[in-house]
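Note that the sequence shown covers residues 1 to 636 in UniProt numbering. The C-beta atom is built at its ideal place from N, Cα and C for all residues, glycine as well. Every value quoted in this text rests on a predicted model; they were computed, and no experiment measured them.
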Amino acid sequence: MGTIRLTTAQALIKFINQQYVAIDGHITPFVEGMFQVFGHGNVLGIGQALEEDPEHLKVIQGKNEQGMTHAAIAFAKQNLRKKIYAVSTSAGPGAANLVAAAGTAFANNIPVLLLPADTFASRQPDPVLQQLEQDYSAAVTTNDALKPVSRYWDRITRPEQLMSSLLRAFEVMTNPATAGPVAICISQDAEGEAYDYDEAFFEKRIHYMDRKIPSDRELSGAVARIKESKRPVIIVGGGAKYSEAREALIAISEQHNIPLVETHAGKSTVECQFKNNLGGTGILGTSAANAVIRTADLVIGVGTRYTDFTTSSKTAFNWDKTRFLNINISRPQAYKLDAFQVVADAKITLKGLAERLGDYETSYGEELEKLKATWLIERGRLANVRFDRANFNPEIKNQFAQETLNEYADALNTELSQTAAFLAINETVAEDSIVVGAAGSLPGDLQRLWNPQVPNTFHLEYGYSCMGYEISGSLGAKLAAPNQEVYAMAGDGSFLMLHSELITALQYNHKINILLFDNAGFGCINNLQMEHGSDSYFCEFRTADNQIMNIDYAKVAEGYGTKTYRANTIPELKAALEDAKKQTVSTLIEMKVLPKTMSDGYDAWWHVGVSEVSTKESIQKAHEAIAKKLEKAKKY
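Have a look at this one:
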């Protein structure tokens with residue numbers, strides 16, 4: 001075997017073109033393409049290598065490093081972690097812009113290859129443009145900020161270092177237990193340096209993502225615990241979705257009458273119409289899901305991290321009666337809540353359990369059907385919430401005085417409630433549409449109210465709840481599913497935070513649909529603020545003379561080249577949605593919605609910090625209430 005002389009950047013591109021994954025016997029390329037914003041440090045290295053020979057890689061010009069990385073994350077998430085995009089940035093601010101996105105990938109266990117440029121390995125021209133100078137170490141650069149948000153991090157200062165570094169990087173990204181962001185920071189002089197690489201380094205390499213099979217001990221222990229229980233509940237987490245465990249979940253649930261409840265990442269693993277699917281659980285859960293969790297004697301966590309939103313800050317369970325059984329490919333996650341651990345693939349494990357449970361059946365009887373029917377009645381009620389200018393409407397969740405709601409109705413020229421708009425959208429879009437969300441109050445309505453009719457059409461980034469993900473993420477989801485309509489559910493706060501990749505979607509003709517809920521402020525945090533005794537303080541979008549801002553977001557989007565609509569009534573909204581389906585260009589529907597009209601919690605609680613010392617009686621009472629709630633929480 002001979003050698004081939006290439007620069008570090010050329011070797012990088014050649015190598016990632018030859019990486020494949022094998023899942024259940026299917027072999028596919030792992031790296032679909034590369035997002036890039038060129039600048040000094042990468043334009044003359046990686047840029048030159050891509051220009052010369054990208055091979056099969058699709059190269060997309062991003063507009064913001066965080067935004068394009070969110071698109072790459074969404075692409076991998078929608079592809080169930082079977083494919084990724086790499087991301088190339090310049091040094092300095094370009095690399096720093098990756099940090100929030102890397103945190104998003106890390107929290108959600110999503111593989112993405114980050115390739116930020118770094119300072120000179122030789123240090124000869126130091127300090128170069130955008131280089132930090134730390135007094136305690138010349139080795140510290142902006143890229144060190146990526147260490148805590150990377151599953152694997154390395155700095156390349158010599159061309160030959162690339163070989164061992166990339167092998168480790170792809171092992172991490174293709175390992176279901178460790179999948180997450182990898183940062184390979186390449187010194188800008190090293191990018192252009194040449195080396196005689198062994199040709200074997202560039203041969204087709206297959207990464208086998210074999211399913212981990214549970215041991216007999218694990219299966220026997222799990223079966224024993226299930227048979228001892230009368231009211232078990234399965235929490236369907238993201239790991240169940242990535243394992244493609246839909247059929248196995250339906251089979252074990254139907255055969256033994258075990259209810260399914262969903263985390264944010266697990267929702268749409270099983271479609272909503274399955275009779276035992278009671279919907280989202282926890283703080284953003286349905287009344288049905290939270291009711292069965294509250295009375296469960298065994299919680300079976302399948303691929304879940306048990307975040308505070310899933311466990312209602314660990315107050316959702318009856319700790320005197322409830323035991324836990326965790327099925328997770330990650331050993332640390334399987335240990336949570338002092339559970340019996342099955343460290344194995346979700347799909348294989350569920351099939352194994354179903355084979356051993358025999359004629360076991362829970363004690364629920366027809367209770368699950370009744371709980372679901374009751375919830376659907378409540379969901380229907382929320383679809384018909386209407387605002388009454390003359391009289392306070394108790395159907396609307398609201399801490400505002402009637403006068404303030406009237407002020408918003410006048411300022412925004414609307415009487416539209418968020419839940420009514422939301423449910424009208426769910427009713428109108430095509431069943432196989434993909435809905436993308438991330439932050440604000442919309443994740444609550446998404447998790448609680450959205451009914452996915454088709455598996456893997458619910459795309460909520462709530463591991464990190466990163467504002468600005470929604471529009472970028474919709475681009476990534478569209479790249480993964482080009483034949484399906486994709487809808488970004490974004491509040492005005494998230495739109496203002498980051499919408500740069502709308503331009504990228506328009507540039508490359510990847511149609512996305514933005515559903516913009518404008519309530520003139522950071523409404524979710526305003527709720528949190530006021531629910532815990534504070535006044536409304538700097539969360540509304542008001543001018544210096546205290547006037548509510550009414551921004552024409554449709555005009556902003558129209559300037560970019562999108563097809564835009566304004567819809568402040570349900571008929572206008574439905575008409576806009578129907579027309580948007582006919583468009584080939586990206587669309588934006590601006591809805592002015594009243595604040596405090598999102599759905600509320602159903603017997604769930606979120607532990608947040610409340611001031612222990614305050615002159616306000618309302619804050620004192622809020623702090624006292626926390627102490628009482630914590631009596632119900634375990635400290636695992």
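- Spanning the alpha carbons of R294 and R305 requires a straight line of approximately 19 Å.
- Distance from the CA atom of Q484 to the CA atom of G94, rounded to whole angstroms, is 32 Å.
- By the neighbour-count definition (other C-beta atoms within 10 Å, threshold 16), P571 is an exposed residue.
- Taking a C-beta distance under 8 Å as the contact criterion, L162 and A11 qualify as a contact pair.
- Here I377 is exposed, its C-beta having fewer than 16 other C-beta atoms within 10 Å.
- Unbroken alpha helix (DSSP H) stretches of 4 residues or longer found wholly inside the region 478–526: 492–497, 501–507, given in chain order.
- Contact annotation: the region 202–220 touches the region 324–344, with at least three C-beta pairs closer than 8 Å.
- Taking C-alpha positions only, N406 is separated from R389 by approximately 6 Å.
- Secondary structure note for V99: its alpha helix (DSSP H) is the uninterrupted segment 98–108.
- Counting only residues of its own chain and dropping the five nearest sequence neighbours on each side, A169 has a CB closer than 8 Å to the CB of L113, Y152, D154, V182, I184.
- Contact check for F422 against L449 passes: the beta carbons are separated by less than 8 Å.
- The region 124–134 makes no contact with the region 61–75, as fewer than three CB pairs between them are under 8 Å.
- Per DSSP, the continuous alpha helix (DSSP H) segment holding L446 begins and ends at 442–449.
- In this structure, DSSP gives L129 a state outside helix and strand, which the three-state scheme calls coil.
- Here DSSP, grouped into helix, strand and coil, assigns I186 to strand.
- DSSP lists L516, R566 as the beta-bridge partner residues of E590.
- The straight-line gap separating the alpha-carbon atoms of Y464 and I156 is approximately 29 Å.
- With contacts defined by Cβ atoms closer than 8 Å, T178 and A288 do not form a contacting pair.
- Excluding five sequence positions before and after G280, the CB atoms of its chain that fall closer than 8 Å to its own CB belong to V261, E262, T263, H264, K267, T286, A289, Q447, R448, given in chain order.
- In the assembly as shown, I110 is a buried residue. Its beta-carbon has 16 or more other beta-carbons within 10 Å.
- Around the beta carbon of P176, 16 or more other beta carbons sit within 10 angstroms, so the residue counts as buried.
- Residue pairing by DSSP leaves F15 without any beta bridge partner.
- Secondary structure note for P159: it is in no beta strand (DSSP E), with a DSSP letter that is neither H nor E.
- For a cut-off of 8 Å, the C-beta gap from A107 to P159 is around 33 Å, too long to register as a contact.
- Residue range 194–198 is occupied by the beta strand (DSSP E) that includes D198.
- Nearest in C-alpha terms to A117, of all of L146, D135, A100, V385, is L146.
- Per DSSP, V112 lies in no alpha helix (DSSP H); the unbroken beta strand (DSSP E) holding it starts and ends at 112–118.
- Every beta strand (DSSP E) stretch that sits fully inside the region 1–85 and reaches 3 residues is listed by chain position as 3–7, 19–23, 26–29, 31–36, 58–61.
- Within the region 195–283, complete beta strand (DSSP E) segments of at least 3 residues are found at 205–208, 232–236, 260–262, 277–280, given in chain order.
- Straight through space, the alpha carbons of Q131 and F120 are spaced by roughly 9 Å.
- A straight-line Cα-Cα distance of about 25 Å links I186 and G476.
- With a cutoff of 8 Å on beta-carbon distance, T414 and L577 are scored as not near each other.
- Beta-bridge partners assigned by DSSP to W153: A183.
- Restricted to the region 312–355, the beta strand (DSSP E) segments that are unbroken, complete and at least 3 residues in length are 323–327, 340–342, listed in chain order.
- Straight across, the Cα-Cα distance linking A625 with G601 is about 16 Å.
- Taking all protein chains shown into account, R386 has fewer than 16 neighbouring C-beta atoms within 10 Å of its C-beta and is therefore exposed.
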